[in-house]
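Participant:
Chains as they are written, first to last, in my numbering: chain Z, 72 to 167; chain L, 72 to 167.
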């Protein structure tokens with residue numbers, strides 16, 4: 072089976088909407104690459120973490136912030152379809 | 072583990088957004104009652120079906136329509152927490 076991306080979010084923190092937005096971004100970009108995105112309300116306050124088939128790829132507490140959507144897509148791409156280009160957003164920032 | 076509600080939708084039909092909306096409705100109402108909602112892009116054209124732990128509770132082809140959100144919540148409630156009241160939307164329509 073294709074991988075499942077889990078978005079574990081703290082419902083009391085009001086993070087359902089941003090998680091649902093991220094789910095839509097992920098599903099639009101990786102329609103063919105994933106089995107689906109699981110929105111999972113956490114029982115742990117302040118938790119926002121992203122797992123692929125149970126393996127953590129991002130944790131808000133460890134990072135000290137939420138992921139940028141571009142960054143999140145790159146992290147997911149690296150696991151589910153490493154050859155996939157994410158288009159113009161995938162380029163490195165220009166050297167100053 | 073608490074039940075997982077799966078929304079299987081046809082991505083080519085453009086049904087991601089309504090599915091993501093339904094996911095948010097379900098997660099707002101059943102935060103404590105479900106493990107989560109899985110948004111699953113179907114490989115079958117025209118498919119929209121809802122499963123709880125793999126057991127189908129609604130299928131667009133069989134019903135000939137999408138579910139009303141109230142109806143969907145009642146179907147889910149009957150499985151995940153039959154005692155739960157869904158508030159004013161849960162009352163029967165008045166007898167004419």
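Backbone N, C-alpha and C define an ideal beta-carbon position, used for all residues, glycine too.
Computed from a prediction, not measured in an experiment: that's the story for all the values here.
(1) Mark residue 134 of chain L as exposed unless 16 or more other C-beta atoms lie within 10 angstroms of its C-beta, in which case mark it buried.
(2) Mind listing, in chain order, the continuous alpha helix (DSSP H) runs of no fewer than 4 residues lying wholly within the region 73–103 of chain Z?
(3) Is residue 157 of chain Z close to chain L, meaning its C-beta is less than 7 Å from at least one C-beta of that chain?
(4) In this structure, how does DSSP classify residue 161 of chain Z when only helix, strand and coil are distinguished?
(5) What does residue 112 of chain L pair with, by DSSP beta-bridge criteria?
(6) Counting along the chain, where does the beta strand (DSSP E) carrying residue 127 of chain Z start and finish?
(7) Start and end of the alpha helix (DSSP H) containing residue 151 of chain Z?
(8) Below 7 Å CB to CB, which residues in the same chain sit around residue 124 of chain Z once its five sequence neighbours on both sides are set aside?
(9) DSSP puts residue 120 of chain L in a beta bridge; with which residues?
(10) Less than 7 Å between the beta carbons of residue 144 of chain Z and residue 102 of chain Z, yes or no?
(11) Specify the secondary structure class of residue 107 of chain Z as computed by DSSP and reduced to three states.
(12) When you check each C-beta in the region 105–122 of chain Z against every C-beta of chain L, which residues fall closer than 7 Å?
(13) I want to see whether chain L comes within less than 7 Å of residue 87 of chain Z, judged by CB atoms only; does it?
(14) Suppose contacts are defined by Cβ-Cβ distances below 7 Å. Is residue 79 of chain L in contact with residue 106 of chain L by that definition?
Facilitator: The relevant details are as follows:
(1) It is exposed - the Cβ of residue 134 of chain L has fewer than 16 other Cβ atoms within 10 Å.
(2) Complete alpha helix (DSSP H) runs here, min 4: 87–100.
(3) It does not: the Cβ of residue 157 of chain Z has no partner Cβ on chain L nearer than 7 Å.
(4) In this structure, residue 161 of chain Z counts as helix in the three-state DSSP scheme.
(5) Looking at the DSSP output, residue 112 of chain L bridges to L:80.
(6) 126–130 is the extent of the beta strand (DSSP E) around residue 127 of chain Z.
(7) Unbroken alpha helix (DSSP H) run through residue 151 of chain Z: 140–151.
(8) Once the five neighbours on either side are set aside, the close Cβ partners of residue 124 of chain Z are 74 and 75.
(9) Per the DSSP secondary-structure output, residue 120 of chain L pairs in a beta bridge with L:79 and L:130.
(10) Note that the C-beta distance between residue 144 of chain Z and residue 102 of chain Z is not below 7 Å.
(11) Reduced to three states, the DSSP call for residue 107 of chain Z is strand.
(12) Per Cβ criterion, the list reads 106, 107, 108, 109, 110, 111 and 112.
(13) Yes, because at least one Cβ of chain L sits closer than 7 Å to the Cβ of residue 87 of chain Z.
(14) Not a contact, by the Cβ cut-off of 7 Å.
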